[in-house]
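*Asks:*
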Amino acid sequence: MKPMKTLSGLLAGLLLSAGALAQTFPSKPVTMIVPWPAGGPSDFVARKLQNDMARSLGQAMVVDNVGGAGGAIGVQRMLNAPADGHTLALGSPVELIVAPLTMAAVKYKAEDMKIVGQVVKAPLVLLARKDLPANSLEELIQLASRPGAQGLSIGNGGNGSLFHLAAEKFSQQTGTKFVHVPYKGTALMIADLMGGQVDLAFTVFAGSIPATLAEGKVKAIGIGAKAPLPRFPQIPALAAHPRLAGFEFDSWAGVLVPRSTPDAVADRLNKAVYEALRNPDTRTAFEATGNQLVDPTPVAELDRIYRAEIARYQAIAKSIHFEPQ
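Printed below as a string of structure tokens:
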């Protein structure tokens, strides 16, 4: 019986330690790692949250840009830190889910972390150069499928990127083939699309993209959402086409911690994230870039959503026979 008592004592001690940590958290400044260089979309979100989250937590918050390897270096830095809530990451499906699936050098798994607050999201949009002789999804399919046609080119954010997976899934479901053109970033890809050097591109429908569309520099074939966005009803949902049933791709930004972080600490961070989103100026700044704000969501529900996302992208990678590179 002594081993059982010893085990019970250890479990009780661990529970008491977790409870004590939650009561004293945070006990020092909190670091939010952004796995991309300063000035990008993720950095923008983190710095908008920074002051309001610090106010809610009663401790300073530092934003640390740790770029490299498609965001994987920053995520690994967060996972290597103590799982006590004092080191967070601002992540998206790109570096959390897609990178472990498509990059052989990435050693962590998407399941190694959990979301404590999803902040904003935006669907992907399929853009075309302004003079492409196709103004709808059906016309694009016909153009790409015509006998003897040379393959249309489609830009992506690099082999194995979220945009690449979306393009491969689009090809599979529509029965079309494209020449994939990888880019190191979306800025040059969109510049080439505007200049006519590339025919098509998937990107996130946020930031400068709505303005670029309004100026007629590119045109939108459709968005990767269930239905047209209320603010842009003229852009059809790709999933509405018979060949693209279930074709939904979006990018979101969320605050992440290692999965072993105590539940009480994760819940405290969840509260801080959504208290930060109550700031009208912050909300306006996010909405002005085309992002959709996420309603307050408990950690347990966020974990259910996250696990479903992991399973979905794993199924997509398997269906298109994508091998880690």
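Everything in the sequence shown is counted per this note's numbering, starting at 11 for the first residue and increasing by one. No residue lacks a Cβ here, since even glycine has one placed at the ideal position from N, Cα and C. If you're wondering where the values come from, they're calculated on a predicted model, not measured in any experiment.
(1) Name the residue from Val126, Asn90 and Pro51 whose alpha carbon lies nearest to the alpha carbon of Tyr284.
(2) Let's see if you can read the secondary structure: which residues bound the alpha helix (DSSP H) around Thr299?
(3) Could you check if Asn145 is buried or exposed, using at least 16 other CB atoms within 10 Å of its CB as the buried criterion?
(4) Go ahead and label Arg139 buried or exposed: buried means 16 or more other beta carbons lie within 10 angstroms of its beta carbon, across all protein chains shown.
(5) Closest to Gly256 by CA distance: which of Phe242, Ile233 and Arg241 is it?
(6) Using the C-alpha atoms, what's the distance from Arg253 back to Ser171?
(7) Would you mind reading off the limits of the beta strand (DSSP E) that contains Val189?
(8) Tell me the start and end of each unbroken alpha helix (DSSP H) in the region 185 to 262 that is at least 4 residues and wholly inside, in chain order.
(9) Return yes when the Cβ of Leu279 is within less than 7 Å of the Cβ of Gly95, no when it is not.
(10) Let me know the secondary structure DSSP gives Met88 once reduced to three states.
(11) Under 6 Å: does the beta carbon of Val191 sit that close to some heavy atom of the ligand ADP?
(12) Going by the beta-carbon positions, is the gap between Val191 and Gly167 smaller than 7 Å?
(13) Quick one: using the 10 Å Cβ neighbour count with 16 as the cut-off for buried, is Gln335 buried or exposed?
(14) Tell me which residue opens and which closes the beta strand (DSSP E) that Pro133 is part of.
(15) Which residues does DSSP pair with Asp74 in a beta bridge?
(16) Just grab the DSSP bridge partners of Ala99 for me.
(17) Please go through the same chain and pick out, in chain order, the residues whose beta-carbon is closer than 6 Å to the beta-carbon of Met14, but skip the five residues on each side of it.
(18) Residues bridged to Ser52 by DSSP?
(19) Going straight from the alpha carbon of Arg293 to that of Ala263, what length do you get?
(20) Classify Pro290: buried if its beta carbon has 16 or more other beta carbons within 10 angstroms, exposed otherwise.
(21) Roughly how many angstroms lie between the CA atoms of Phe242 and Ala327, to the nearest whole one?
(22) With DSSP run on the structure shown, which of helix, strand or coil describes Asn166?
(23) Go ahead and label His174 buried or exposed: buried means 16 or more other beta carbons lie within 10 angstroms of its beta carbon, across all protein chains shown.
(24) So what does DSSP say about Arg156, is it helix, strand or coil?
(25) What are the boundary residues of the alpha helix (DSSP H) that includes Pro36?
(26) In angstroms, rounded to a whole number, what distance separates the CA positions of Arg317 and Leu106?
(27) Okay, do the region 307 to 323 and the region 104 to 118 touch, 3+ Cβ pairs below 8 Å being the bar?
(28) Keeping to the same chain, check which residues put their C-beta closer than 6 Å to that of Met199; ignore five residues upstream and five downstream.
(29) Is Asp94 helix, strand or coil by DSSP?
*Replies:* The answer reads as follows:
(1) Looking at the Cα atoms, Val126 is the closest of the given residues.
(2) From DSSP, Thr299 is part of no alpha helix (DSSP H); its letter is neither H nor E.
(3) exposed
(4) buried
(5) Ile233
(6) 23 Å
(7) Unbroken beta strand (DSSP E) run through Val189: Phe188 to Pro192.
(8) Taking 4 residues as the minimum length, the alpha helix (DSSP H) runs contained wholly in the region 185 to 262 are 196 to 205 and 219 to 224, in order along the chain.
(9) Yes, these two residues count as a Cβ contact at 7 Å.
(10) helix
(11) Looking at this structure, you won't find the ligand ADP or any other ligand, since it has none at all.
(12) no
(13) exposed
(14) Met123 to Arg139
(15) Ile43
(16) Ile43 and Leu266, per the DSSP bridge assignment.
(17) Residue placement at Met14 is flagged as unreliable, the pLDDT there being 49, under the threshold of 50; the coordinate-derived value follows with that caveat. So the list is empty, once near-sequence residues are dropped.
(18) None; Ser52 has no bridge partner.
(19) 14 Å
(20) exposed
(21) 30 Å
(22) Asn166: strand per DSSP, three-state reduction.
(23) Only buried fits His174, as 16 or more other CB atoms lie within 10 angstroms of its CB.
(24) Here Arg156 sits in coil by DSSP.
(25) Neither: Pro36 is in no alpha helix (DSSP H) and is coded neither H nor E.
(26) In this structure, the alpha-carbon of Arg317 lies about 11 Å from that of Leu106.
(27) Using a C-beta cut-off of 8 Å, the region 307 to 323 makes contact with the region 104 to 118, since at least three inter-stretch Cβ pairs fall below that distance.
(28) Gly165, Tyr193 and Ala211
(29) coil
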